[in-house]
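4 protein chains.
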Amino acid sequence: MLAELRGLNEECGVFGIWGHEDAAQISYYALHALQHRGQEGAGIVVKGDDGLHAVKGEGLVNEVFSGDNLNTLKGHGAIGQVRYTTEQGRGIENVQPLVFRSTTGSLAIAHNGNLINARDLKEHLERQGSIFQTTSDTEVLAHLIKRSSGSLNQRDKVKKALSILKGAFAFVLMTDEGLMVAQDPNGLRPLSIGKIGDAWVVASETCAFDIIGAEHVRSVEPGELLIINDKGLTSERFAAPAERAMCSMEYVYFSRPDSDIDGINIHAARKRCGKQLAREVQISADVVTGVPDSSISAAIGFSEQSGIPYELGLIKNRYVGRTFIQPSQALREKGVKMKLSPVHQVVHGKRVVMVDDSIVRGTTSKRIVAMLREAGAKEIHVVIASPPLIAPCYYGVDISSDSELIATGRSLEQMRDEIGADSLHFLSIDGMLEANGRSPEMKNCGQCLACFTGEYPTEIYSDTAMPHEKEIVR
Amino acid sequence: MLAELRGLNEECGVFGIWGHEDAAQISYYALHALQHRGQEGAGIVVKGDDGLHAVKGEGLVNEVFSGDNLNTLKGHGAIGQVRYTTEQGRGIENVQPLVFRSTTGSLAIAHNGNLINARDLKEHLERQGSIFQTTSDTEVLAHLIKRSSGSLNQRDKVKKALSILKGAFAFVLMTDEGLMVAQDPNGLRPLSIGKIGDAWVVASETCAFDIIGAEHVRSVEPGELLIINDKGLTSERFAAPAERAMCSMEYVYFSRPDSDIDGINIHAARKRCGKQLAREVQISADVVTGVPDSSISAAIGFSEQSGIPYELGLIKNRYVGRTFIQPSQALREKGVKMKLSPVHQVVHGKRVVMVDDSIVRGTTSKRIVAMLREAGAKEIHVVIASPPLIAPCYYGVDISSDSELIATGRSLEQMRDEIGADSLHFLSIDGMLEANGRSPEMKNCGQCLACFTGEYPTEIYSDTAMPHEKEIVR
Amino acid sequence: MLAELRGLNEECGVFGIWGHEDAAQISYYALHALQHRGQEGAGIVVKGDDGLHAVKGEGLVNEVFSGDNLNTLKGHGAIGQVRYTTEQGRGIENVQPLVFRSTTGSLAIAHNGNLINARDLKEHLERQGSIFQTTSDTEVLAHLIKRSSGSLNQRDKVKKALSILKGAFAFVLMTDEGLMVAQDPNGLRPLSIGKIGDAWVVASETCAFDIIGAEHVRSVEPGELLIINDKGLTSERFAAPAERAMCSMEYVYFSRPDSDIDGINIHAARKRCGKQLAREVQISADVVTGVPDSSISAAIGFSEQSGIPYELGLIKNRYVGRTFIQPSQALREKGVKMKLSPVHQVVHGKRVVMVDDSIVRGTTSKRIVAMLREAGAKEIHVVIASPPLIAPCYYGVDISSDSELIATGRSLEQMRDEIGADSLHFLSIDGMLEANGRSPEMKNCGQCLACFTGEYPTEIYSDTAMPHEKEIVR
Amino acid sequence: MLAELRGLNEECGVFGIWGHEDAAQISYYALHALQHRGQEGAGIVVKGDDGLHAVKGEGLVNEVFSGDNLNTLKGHGAIGQVRYTTEQGRGIENVQPLVFRSTTGSLAIAHNGNLINARDLKEHLERQGSIFQTTSDTEVLAHLIKRSSGSLNQRDKVKKALSILKGAFAFVLMTDEGLMVAQDPNGLRPLSIGKIGDAWVVASETCAFDIIGAEHVRSVEPGELLIINDKGLTSERFAAPAERAMCSMEYVYFSRPDSDIDGINIHAARKRCGKQLAREVQISADVVTGVPDSSISAAIGFSEQSGIPYELGLIKNRYVGRTFIQPSQALREKGVKMKLSPVHQVVHGKRVVMVDDSIVRGTTSKRIVAMLREAGAKEIHVVIASPPLIAPCYYGVDISSDSELIATGRSLEQMRDEIGADSLHFLSIDGMLEANGRSPEMKNCGQCLACFTGEYPTEIYSDTAMPHEKEIVR
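Chains as they are written, first to last, in UniProt numbering: chain A, 1 to 474; chain B, 1 to 474; chain C, 1 to 474; chain D, 1 to 474.
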């Protein structure tokens, strides 16, 4: 499904490197590979001879960084972030990595995830005299570290601070001495370690390793704190690992098909989901087509399993960007379409299986179904390569509140009517887990299923609600 | 294959509309759909109440046009162009549509193609007192029209001027009265007519009709001159149709998969080429993968016919644009890749069929083969969904000179060695024609095969050579 | 008076250099010094090893040229222009220098002035088969040169073409061989020759010579054609010099105070005008203030002669540029001013002599008088350092049509009432001429006085009218 | 003297408004009038219905604010800043106003000045758990307020925090309730109050009041804290006023000529300095000229008193901006000048009095003297409208360290030799004070003379040194 067309967004992608003379340049290419995780802001902080230097800005990686400012970032350690922005999070001050200055040294933090006890912690810290300059949860960690008992060393301060945080987090921190990398006890967000020569790298997705020629070593473990400095990498724990609960939407939609999570390739997992769907659902049809780009893998799998030929029934316009002029309502009614075009000759007079990765509000699916029908499709069978979404996410996915979800309070039949398809099918939860190489038998299947089941792997705090969902917090 | 990585480029895309109150806006969306045909310049000329007004600039459609300047273009007729630029053609003065002012009215011209007698005509016209302000062939037509005998009416002047031109051309002209649309006698470049309500539209590719909600009516015929004005559309002839010779590279590479040429869908034709290849070539392999984006259709066809599963073995980075900082040589040697990444888990340990649409110099193929091998592919079989390129194009395709072509002076074996594949296969000419719905038995198969055979559908003038190819003109 | 606030604008500034290895760079700095003559477009054409290369664009010199594109202009000859644009002249195609390509060589033209027989010549040329791509008069010269009898050499063709032109022109032409520089027979627009080492330079104003370290040699003479090439400078004549008639507004307003025209420094002439005014007019007042920037010299002169102290009673805001957000009407009524602020302590309770260089429509003067009164000035005496403007200009000054001129059909008393001053005074024509070092006794005083007298130094053609003045052509 | 050419820079200008529906727009125009106080960053924070919103950026006011982002700032209270940046202060995070978020409300701070105990306070605060995100002193105030005893109300917390600060400061703070405005006990930096209708405004200079149509009420007093909210304005004290010590350089160079400080107009004061100079120094000369822009007033005064005519001997190029391409060393040696041109006819063969406001390192004066000599000046007498600079500033003026000052360790004769003038003269301290309306007899003359005398009005802390001056702290 098209990211721009729906309310389902990832919070960001993070990257770190230590021990490479081209640290900032490498970070730039890596952030580029992570660009799909956040298009509204980007930043790199480098450890130079005289401390931490940052270049940050709103926009895409190639808008924020030019040869000029990238070349000013000299040093052998760097961390970076690309950022998706919620309405509440706008403003250059929220672009990460955040940098905290002190007479005894500086600290930079890049974060992917969402803390569910951030409001409680902020209030507590403010009562103690802390002040905040961003609207981001991330700042909380810096204050907690600062306030950890003075007798502890830096590493223990960080561990103590991390242990207080609840929710989903993949943190990359940098001081003058090196990197610290942490994953929440449930491992809700992906974070992987790699090597490029002697230098260590960490990234939200392994596709960042490919572009920079790094070798993938392993995933960061839930509750693990990695210390990376000039002496190498040390692994410690700040918390006992809890039930592993990797975000399901990473498999379904967020991650790039060439990334691996826990050793499983995303394209392969999605293709298996498509195959599994074809096993679960029996449809007589002439062609299978996917909604580009994220549904292509599942569509290929569905075609392979069902024997129905795979075709390019929908084409995405590659050049539509943020600066593109949107057609007026009058023009839209006259038929001006953007972003997606149906291929008439492929769908005309055909029974079409349209594979999509997920449905959020259903408005986009409805529009695509109408587009295919207008192009002459005889039947349109919508098959969704994931289970129905029924509950909000508190761990960093900016999903619509559940009152907006098409699957809330509607039967399958009603949903089908809503989007105007001839039939509508979802992948079963068990089918999805099996396709992802997880064991559906175990409770601890390794994946967070909260958005499909409403059962959350962590306790839920009163302040976890996104502003527009305040009313639905339970 | 990746356009940016090779010396094979289309000259442009053209569009025209008459009789629609939103003529400029519609042109904007249409040019956007044609953006793949030229990314270096764009322009729209509108017929307003007080004559022709132009906005033109270097760059992408959404860089040249903003709400501000697009809104200044008011009128119910418009023509536009997107432009690929050769080294010789740089400069804002060459961005089309060209506009010629006169005390008796103005004329705007947008052109796709290449005139092979342009230099002769220029010299002739200069001897008569004409002066030229661009380095483009297109200006010749304006001078020829101007110099046609004064006793003729405008339409006959245009017909007389067109009849003097040799080579490939799809012209869209606009005066204060309406549009004139012409196709060369061989029909070398695609050009189609459509309708949006009562307004007539013309475009280089039918994908432009889809985005604006226009209905595809038919192709412009070889030697046809269409007159479109407030009274409607009239068809005339300025030349008897010669042997139809639609550019083969439109099928192979240029056109968007959702476009149709002469009633044949490009995706479908490419998929049939892939199927045909699988019939012509016997390979034992584990996976089929295409080089994105233009080879995807052929790869799907190859997979379907051969039964070897289709996979995403190569991922294109969607965010690499023209402003992206290129890695230094040092970084490239350290493994920093751009634009294309192999998917390790898909190709590791596998026998891979890598489908590409064509090979020009072979340097990109060599790089991709190396990339796949590094990612662990056990065998790499390169199959090309078109015949070997052996001769230069004089009709508007900026193909490398034949001394640079990998297929010139090399056996298949030598080519295979050059790119480092385990095997290399090309589609046969007959196979390609059959897949495109052309009849290989007839000499007049309807497609220009010059780049595959060295036999040109028109006579060749001494000035047809592109500057860097001067030495090889025969 | 503030250029932006009134309808009085110069058409452009031109520059040329031959024989200097940094020709384009030098042109850039020279155009910069001429920037006040035109802020809406700029261009440089350089003679490189392989012909003429242009960089042109809309906007200021430093917006059009960056290190990147300026560095692409390599060669030892260059011409350039800065351009003021009338409504009719918008569009990148009108930005000069214009370049005309031909198989036998190229020609670039930069022009300051206005041809009064351009329309007749265009019609004539079009009947012969010429086509025009700009709305500029300048293109006419290129066509005339091209059409001059084939038996003539290039130099004689240019002379013949120039001799056909009527009106005001300062031309700088460049071919592959060198520069040609021409001044109309009345010498209506300023044009000077200088040297920088062995290289010859020409410029609209001598202030361009100062910035590039060139030595001022002399003015180009009326009817003179200079040939500048690798052999040096040759002077020829294309016409007998007519009555010398240098534009009076160059002295009054256009030229920079550090420029000299015919050996007379502009600041010095303006100061003498101010002194002359003080002799012609008796005012009892406390302070003299000038409207920045162009009236400062006259105000200093007035103060020196009258003995009334010179003060900064009005301050111009240096940072207001074209991209500045204009206050809404509501804000303006609340007192938000831009560009000009009165200095309260200087004018409060004082009798103020406000010196301005000229009055066109009177709206700006009215506004400034009101501003001073609001700041507490007791009396405001407006003295204008030039005679009243009563007639339109056909030689390149975009002056308002005479129906808009405050001096048309109004007595001095009525004008004073209109602008709200306590008294209003103009410099006499004789006083102005004397201050400029011209002899008022001779009919041939050397200055064009047409805008003050309605008597034009040349015949006036039917097509000389600016579009908005059509009705008033006599 | 030209700001860009020397190491003498103001830290910033601040503005605030409360009670006006167009608060952000008004702030924009006001910051524009203060633009000369800082060109490297600008920001506006507005109090909207849902808290504080900021737009900040690097660059000029009209670069940072466009209609788009300015229009997003809705509310009836706003504060703003324009900012000069030292090397240490670069980075978007340092652009003010700074905003501090808290669950109990937000606080925005704009600051002009320099705290001399900032480092001590930072270390103290960090030991208590505070963390800093900028390298600016300003953040200290926010932390001090936060940490003031919880039993105090907001106003008393601010007063307590302010009383701890040492050095020069003009603060404008904004909370959800209103503005708080404070001036250090010595009143080292200018800060004035005004009214626009019912709304209160504060600004670093009164020229900001003129542009927005506000009435100047009075200066903020040393040690005063103004509380401005919906109930109106209340004046309180956070400290007993110390010896008044307004920065002398405000009179000499920083402030705009149309601003008033303590009821004295800057142009008038500078003109009196010029007159005083003419009384103190006897020179036989032909012309007086000032170095634009800041020395014009003094030059006029010198001329008026001495009877030597005032002329425009030097012209400043208005269009040279930050994006201008600087001439290469080679071109500079060939004579390419920027920014300033001598007017040959004015100075040639003349004995010239060149008035400048101050001399820092002397390099610019040397260059201008050479320029005038090259233009033919017979004698050049440099007269400086302020006393010699001999000591560094710790209160917010980025003056060169004293080892770089031309007046350090050189006799008047040696300085004259260094800059190449025929004579060199400085204004006496007493003369300057008298011209500024201050009484030189009193120790407490009201002006800070530290840079002329080395005697500082406050105690000096060890951490007051600017980084590049560390060695010279006494």
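Yeah, the Cβ is synthetic: ideal placement off N, Cα and C, and Gly gets one too.
Check your understanding: Exposed or buried, C/Asp-68, counting other C-beta atoms within 10 Å across all chains shown (16 or more means buried)?
Key -> exposed
Exercise for review: Helix, strand or coil for C/Gly-19, going by three-state DSSP, please let me know.
Suggested key: coil
Practice item. Classify D/Leu-412 as buried or exposed, calling it buried when 16 or more other Cβ atoms lie within 10 Å of its own Cβ. Key: exposed
Review point. Where does A/Lys-339 sit, in a helix, a strand or coil, going by DSSP?
Key: coil
Review point. Whose Cβ in chain B lies nearer than 8 Å to the Cβ of C/Thr-103?
Key: Neighbours of C/Thr-103 on chain B, chain order: Arg-119, Lys-122, Glu-123, Glu-126.
Review point. Are the beta-carbon atoms of C/Gly-301 and C/Lys-271 separated by less than 7 Å?
Key: Yes. Within cutoff.
Exercise for review: Please check the pair C/Gly-13 and C/Ser-204, which I expect to be a contact at CB under 8 Å, by giving their CB distance rounded to whole angstroms.
Suggested key: Right, their Cβ atoms sit about 4 Å apart.
Exercise for review: Taking only beta-carbon positions, decide if C/Gln-133 is within less than 7 Å of chain D.
Suggested key: Taking 7 Å as the threshold, the shortest C-beta distance from C/Gln-133 to chain D does not fall below it.
Review point. Since D/Glu-375 and D/His-344 are thought to touch, with beta carbons under 8 Å apart, how far apart are those beta carbons, to the nearest angstrom?
Key: It is worth fixing the name first, because residue 375 of chain D is Ala in this sequence and not Glu. So it is a contact: roughly 5 Å between Cβ atoms.
Review point. Under 7 Å between C-beta atoms, does C/Phe-452 make it to chain B?
Key: no
Review point. Skipping 5 residues on each side, what residues in its chain have a beta carbon closer than 7 Å to that of B/Gly-420?
Key: The residues Lys-366, Val-369, Ala-370, in chain order, have a CB closer than 7 Å to that of B/Gly-420 in the same chain once the five nearest residues on each side in sequence are set aside.
**Study point:** Beta-ladder partner(s) of A/Asn-229, from DSSP
**Key:** A/Gly-178, A/Gly-232, per the DSSP bridge assignment.
Check your understanding: What residues from chain D crowd round A/Gly-91, counting only those whose CB sits closer than 7 Å?
Key -> Near A/Gly-91 (Cβ distances below 7 Å), the residues of chain D are Ala-54.
Review point. Counting along the chain, where does the alpha helix (DSSP H) carrying D/Glu-379 start and finish?
Key: Careful: D/Glu-379 lies outside any alpha helix (DSSP H), inside the beta strand (DSSP E) at 379 to 384.
Practice item. Run down chain A in chain order and give the residues with a C-beta less than 7 Å from the C-beta of B/Pro-292. Key: What B/Pro-292 touches in chain A: nothing, since even the nearest Cβ is about 10 Å away.
Practice item. Figure out for me which residue from B/Pro-185, B/Leu-115, B/His-216, B/Ser-102 has the closest Cα to the Cα of B/Val-397. Key: Here the closest residue by C-alpha is B/Leu-115.
Review point. Going straight from the alpha carbon of A/Pro-387 to that of B/Lys-74, what length do you get?
Key: Roughly 49 Å separates the two Cα atoms.
Check your understanding: With 16 as the cutoff for other CB atoms within 10 Å, does residue 491 of chain B come out buried or exposed?
Key -> Any question about residue 491 of chain B goes unanswered here, given that chain B covers just 1 to 474.
Check your understanding: Between the segment 389 to 396 of chain B and the segment 449 to 456 of chain B, do at least 3 Cβ pairs fall closer than 8 Å?
Key -> By the Cβ rule, the segment 389 to 396 of chain B counts as touching the segment 449 to 456 of chain B, because three or more pairs are nearer than 8 Å.
Review point. For B/Lys-334, which of A/Asp-260, A/His-76, A/Ile-211 has the nearest alpha-carbon?
Key: A/Ile-211
Review point. Helix or strand or just coil, what does DSSP make of residue 479 of chain A?
Key: Only positions 1 to 474 of chain A appear in the structure, and residue 479 of chain A is not among them; the question remains open.
Review point. When burial is assigned at 16 or more other CB atoms within 10 Å of the CB, is C/Asn-112 buried or exposed?
Key: buried
Point to revise | 7 Å Cβ cut-off: residues of chain A touching B/Cys-207 | key: Ser-341
Review point. Does any C-beta atom of chain A lie closer than 7 Å to the C-beta of D/Phe-302?
Key: no
Practice item. Take C/Gly-178 as the anchor and find which of C/Ile-109, C/Glu-123, C/Glu-215, C/Gln-133 has the nearest alpha-carbon. Key: C/Ile-109
Review point. For B/Arg-127, does the count of other Cβ atoms within 10 angstroms reach 16, so buried, or fall short, so exposed?
Key: exposed
Check your understanding: Quick one, are the C-beta atoms of D/Val-355 and D/Ala-299 less than 7 Å apart?
Key -> yes
Practice item. Check the Cβ-Cβ distances between A/Gly-129 and every residue of chain D, and say whether any is below 7 Å. Key: For A/Gly-129, a Cβ of chain D is located within less than 7 Å of the residue's own Cβ.
Review point. Helix, strand or coil: which one does DSSP assign to B/Phe-65?
Key: coil
Check your understanding: Helix, strand or coil: how does DSSP classify A/Phe-171 here?
Key -> Looking at A/Phe-171 - three-state DSSP - the assignment turns out to be strand.
Check your understanding: Within 10 angstroms of its Cβ, does D/Lys-231 collect 16 or more other Cβ (buried), or is it exposed?
Key -> By the neighbour-count rule (16 or more Cβ atoms within 10 Å), D/Lys-231 is not buried but exposed.
Point to revise | chain A contacts made by the segment 238 to 267 of chain B, where a contact means CB separation under 7 Å | key: Arg-256, Pro-257, Asp-258, Asp-260, Asn-265, His-267
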